[in-house]
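Counting from 130, one number per residue, gives the positions in the sequence shown under our numbering. For each residue, glycine too, the CB sits at the ideal point set by N, CA and C. Source: prediction; values computed, not measured.
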Amino acid sequence: MKKVCVVGASGKLGQYMIQHLLGRRVQVVGVCREKSVGKLDSFKDRITIIPGMTNDREVIRKAVAGCDGVLTVLVPWGLNDYSSGTAQAVLDFAEPNARLIFSCGWHISLDGKDVYSRKLKFVVSVGGWIGKKLRIGDIDNQVEACRRIFDSDTLWTVARGSDLEEGEAQGLPVWSEHVGDPILESNITRRTDFALFMVEALQNDDLIHKAPAIVGAKTASALAHKADVYK
Ligand SMILES: NC(=O)c1ccc[n+]([C@@H]2O[C@H](COP(=O)([O-])OP(=O)(O)OC[C@H]3O[C@@H](n4cnc5c(N)ncnc54)[C@H](OP(=O)(O)O)[C@@H]3O)[C@@H](O)[C@H]2O)c1
130 MKKVCVVGAS GKLGQYMIQH LLGRRVQVVG VCREKSVGKL DSFKDRITII PGMTNDREVI
190 RKAVAGCDGV LTVLVPWGLN DYSSGTAQAV LDFAEPNARL IFSCGWHISL DGKDVYSRKL
250 KFVVSVGGWI GKKLRIGDID NQVEACRRIF DSDTLWTVAR GSDLEEGEAQ GLPVWSEHVG
310 DPILESNITR RTDFALFMVE ALQNDDLIHK APAIVGAKTA SALAHKADVY K
C-alpha cells in the first residue's frame, strides 16, 4: 500500500490507525470534521488533512482519489444518515481496486447467525432509543450503512469491534465470523489493536467480503481457544 485514506481520522481509532500507517511509511490522507482538525496537530506535518463532514460526497471524492486503501470509522453518531452517507460516498468514489475496511461493533450482523448476549441486545436497543430521542445518533443508520457495504461488489471488509479499552498494545486481535463463538467470549480489545487489525486487513485478501468479529489476542477466551481456530 502506498497511499491510504482514513475517514474519521480525528477520533481515537482514527489516530491509532494513522500511527500504524506512518510506521509502515504509507502516505496518509485523513478526513475529519472541520472543528476536529486540531486533534490531528501532532500529525499535521506528516499527513494530508481534508477537513469536512465524512458524509460530504465532494470531500470523500477528493480524499480517496489515488488511494489504494480506505479505512473508514463508521459511528452511530450524527443525524441525517451520517453513517450510511459516509459509507455510500466511500463505496462510490474509492478507486475500483482499492481495499475498503470499515469499523463497527459486534451488533452488526452479516448473515444473521451471530448469537448475542442479553446484555448486548439491551445496550443496543436502549442506547439506540436514547440516541434517537436525544437526537445525538442513529444506530439503525449504522446498520443501514453496513447493509449497503455488504451489498456492494467492492473489495470490502467490515471489522466488528468488541468492547474497547485503552492500554498498551497486545498484538493483532483474533477473530471469528460469528459473535457467540467461544473465542470471543472475553469481549474486550485494546483500541490500538483494533486499529492494527484494520490496517493489517488492507493486505489480507482472506478477509475480503467478510465481517470478522474481533477480540484481544491476550484475553482469556482468545488464549483458551486460539489453538482450535488457528490450526
Ligand atoms: N467505543 C466502543 O466501546 C466500541 C465498541 C465496539 C465497536 N466500536 C467501534 O469502534 C469504532 C471507533 O469507536 P470509538 O468509540 O473508539 O470512537 P472514536 O474512535 O473516538 O471515533 C468517534 C468518531 O465519531 C465522530 N463523531 C463523534 N460525534 C459525532 C457527531 N455528532 N457527528 C459526526 N461524527 C461524530 C468523531 O469525529 P470527531 O473527531 O470530529 O469528533 C470520530 O471520528 C466505531 O466504528 C465504533 O462503532 C466502538
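Whole-Å CB distance - residue i paired with residue j, under 8 Å assumed
| i | j | result |
| --- | --- | --- |
| V308 | W235 | 5 Å |
| V202 | G137 | 3 Å |
| R274 | T183 | The residue you asked about is not Arg; residue 274 is Ala in the sequence shown. A274 to T183, Cβ: 11 Å. No contact. |
| G290 | I343 | 6 Å |
| S350 | L293 | About 16 Å separates the two Cβ atoms, so there is no contact after all. |
| R320 | L150 | The pair is not a contact, with the Cβ atoms about 15 Å apart (cut-off 8 Å). |
| L220 | T286 | Wrong, their Cβ atoms sit about 13 Å apart, outside the cutoff. |
| V188 | V160 | 6 Å |
| K339 | Q299 | At roughly 22 Å, the Cβ-Cβ gap does not stay under 8 Å, so K339 and Q299 are not in contact. |
Check: residue i C-beta below 7 Å from any heavy atom of ligand 1
| i | result |
| --- | --- |
| S246 | no |
| G207 | yes |
| K191 | no |
| D292 | yes |
| G159 | no |
| S305 | no |
| K250 | no |
| L200 | no |
| V328 | no |
| V133 | no |
| C233 | yes |
| L142 | yes |
| D139 | Checking the sequence, you will find Ser at residue 139 rather than Asp. Yes. |
| K347 | no |
| L203 | yes |
| K173 | no |
Collapsed DSSP secondary structure at residue i in the structure displayed
| i | result |
| --- | --- |
| A330 | helix |
| K261 | helix |
| I147 | helix |
| R153 | coil |
| T318 | strand |
| A216 | helix |
| S246 | coil |
| K131 | coil |
| A342 | strand |
| G256 | helix |
| I337 | coil |
| I278 | helix |
| I237 | coil |
| S350 | helix |
Straight-line gap, residue i to residue j (C-alpha atoms, nearest Å)
| i | j | result |
| --- | --- | --- |
| A227 | A330 | 12 Å |
| V121 | V253 | The chain is shown only over 130 to 360; residue 121 falls outside these bounds and no answer can be derived. |
| N316 | K191 | 37 Å |
| S232 | N270 | 14 Å |
| Y211 | R153 | 31 Å |
Q: Could you name each continuous beta strand (DSSP E) segment of 3 residues or more that falls completely within the region 155-212, going from the start of the chain to the end?
A: Counting whole runs of 3 or more residues, the region 155-212 contains the beta strand (DSSP E) stretches 156-161, 177-180, 198-202.
Q: Run through the region 281-319 for me and flag every whole beta strand (DSSP E) of 3 or more residues, listed as ranges in chain order.
A: Counting whole runs of 3 or more residues, the region 281-319 contains the beta strand (DSSP E) stretches 284-290, 303-305.
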